[in-house]
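This report refers to the structure that appears directly beneath it.
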Amino acid sequence: MIYTVSDLHGCLEDWKSLLQKIRFNDNDTMFVLGDCVDLGPDPIGLLHDMMERPNVFPLLGNHELRFARCVRSLPPEANMENLADYLDEETRAALAQWAADGGQRTLAQYLALDEEDREAILDYIGEMTLYEEAEADGVSFVLTHSGIADFDADRELDDYPPAAFLTAEPKPGMEYFADKTVIVGHIPTHRLEGGTAGQILDDGGIIYIDCGAAHKEDGGRVGCLRLDDFEEFYID
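Its first residue numbered 1, the sequence shown is counted upward by one per residue in the numbering used here.
Next comes the structure, spelled out in structure tokens:
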């Protein structure tokens with residue numbers, strides 16, 4: 001079976017509950033459509049768990065990209081106590097903005113790792129793809145974190161810049177392909193026209209699966225879609 005989930009945002013226990021609920025096994029495939037870090041309680045723990053599962057395939061989200069950019073230049077001896085000693089003005093501003101957008105726990109957990117583990121985390125993020133294509137029961141899918149900005153039906157997916165897959169904001173009613181269904185995260189469904197808190201929004205040509213796992217105060221939860229039969233699974 002092929003599953004897809006998005007925007008887990010550090011909700012490690014919800015992720016584990018989801019895998020148990022769907023009885024995820026070695027014969028299954030899971031695509032995680034980005035934004036695994038920030039906001040939630042255990043972003044680094046979530047990445048560690050995903051790293052151990054060879055049949056889990058992560059896509060890059062804008063939060064992973066910001067995380068990697070903010071910490072890549074930090075030396076191994078940097079920690080939360082001495083962090084300011086290694087920051088220039090530009091890096092300090094970037095870190096402050098990232099922290100304000102939910103990155104503080106990710107940063108603290110990352111700096112608590114040893115050098116080898118830090119490198120493994122950044123290598124894992126560096127290997128994340130911008131999009132994936134899948135087929136199930138005769139239906140073709142394109143999976144991306146946010147959609148495809150400045151879409152052109154005659155343009156190959158490999159010809160788009162990375163930002164096109166990270167910051168797009170497709171609106172319900174849009175369609176990318178006549179013969180492929182696009183699945184996206186990035187924007188919680190309760191913020192979409194016609195969307196409902198904590199509920200996958202299937203709009204025909206585009207399916208929105210960011211159900212707001214890190215926004216439980218707004219009724220958000222983890223939502224997962226099985227591509228083989230379009231069955232939906234939720235973790236409250």
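Just so you know, even glycine gets a beta-carbon here, dropped at the ideal spot from N, CA and C. Because the structure is a prediction, the values reported are computed rather than measured.
Val139 is bridged by DSSP to Ala136. Of the candidates Ile22, Gly10, Leu59, Leu59 places its Cα closest to the Cα of Leu166.
Between Met128 and Thr144, the alpha-carbon positions lie close to 11 Å from each other. Annotation for Val222: no alpha helix (DSSP H) segment contains it, though the beta strand (DSSP E) segment containing it runs 222-226.
Taking C-beta separations shorter than 6 Å and ignoring five residues to either side along the sequence, the partners of Glu115 in its chain run Pro76, following chain order. The way I'd put it, the stretch 97-107 doesn't touch the stretch 129-148; fewer than three beta-carbon pairs between them come closer than 8 Å. Take Phe57, set aside five residues on each side of it, and the residues of its chain with a beta-carbon closer than 6 Å to its own are Phe31, in chain order. Taking the C-beta atoms as reference points, Cys70 is found no nearer than 9 Å to Ala214. Under DSSP, the beta-bridge partners assigned to Leu201 are Tyr208.
The beta carbons of Leu122 and Arg72 sit about 7 Å from each other, so the pair counts as a contact at 8 Å.
Under DSSP, Phe57 forms a beta bridge with Phe31. Taking C-beta atoms under 8 Å as the contact rule, Leu227 and Phe141 qualify, at a distance of about 6 Å.
Using a Cβ distance threshold of 9 Å, Ile187 and Leu225 do not count as a contacting pair. Closest option to His63, judged by alpha-carbon separation, among Tyr124, Asp101, Glu13: Asp101. Straight through space, the alpha carbons of Asp236 and Lys21 are spaced by roughly 12 Å.
At the C-beta level, Asp38 and Lys16 stay beyond 9 Å of one another. Collapsing the DSSP output to three states places Val37 in coil. Secondary-structure assignment with DSSP links Glu232 through a beta bridge to Leu225. Counting C-beta atoms within 10 angstroms of its own C-beta, Arg118 has 16 or more neighbours from the protein chains shown and is therefore classed as buried.
With respect to the 9 Å criterion, Gly223 and Tyr234 are classified as neighbours on the basis of their beta carbons.
Residue pairing for Val182: DSSP places it in a beta bridge opposite Val142, Ile206. Annotated three-state conformation of Thr4 is strand, per DSSP. In the structure shown, Tyr160 adopts coil according to DSSP, grouped into three states.
For Asn55, same chain residues with a beta-carbon under 7 Å away, outside a window of 5 residues either side, are Asp26, Asp28, Thr29, Met30 in chain order.
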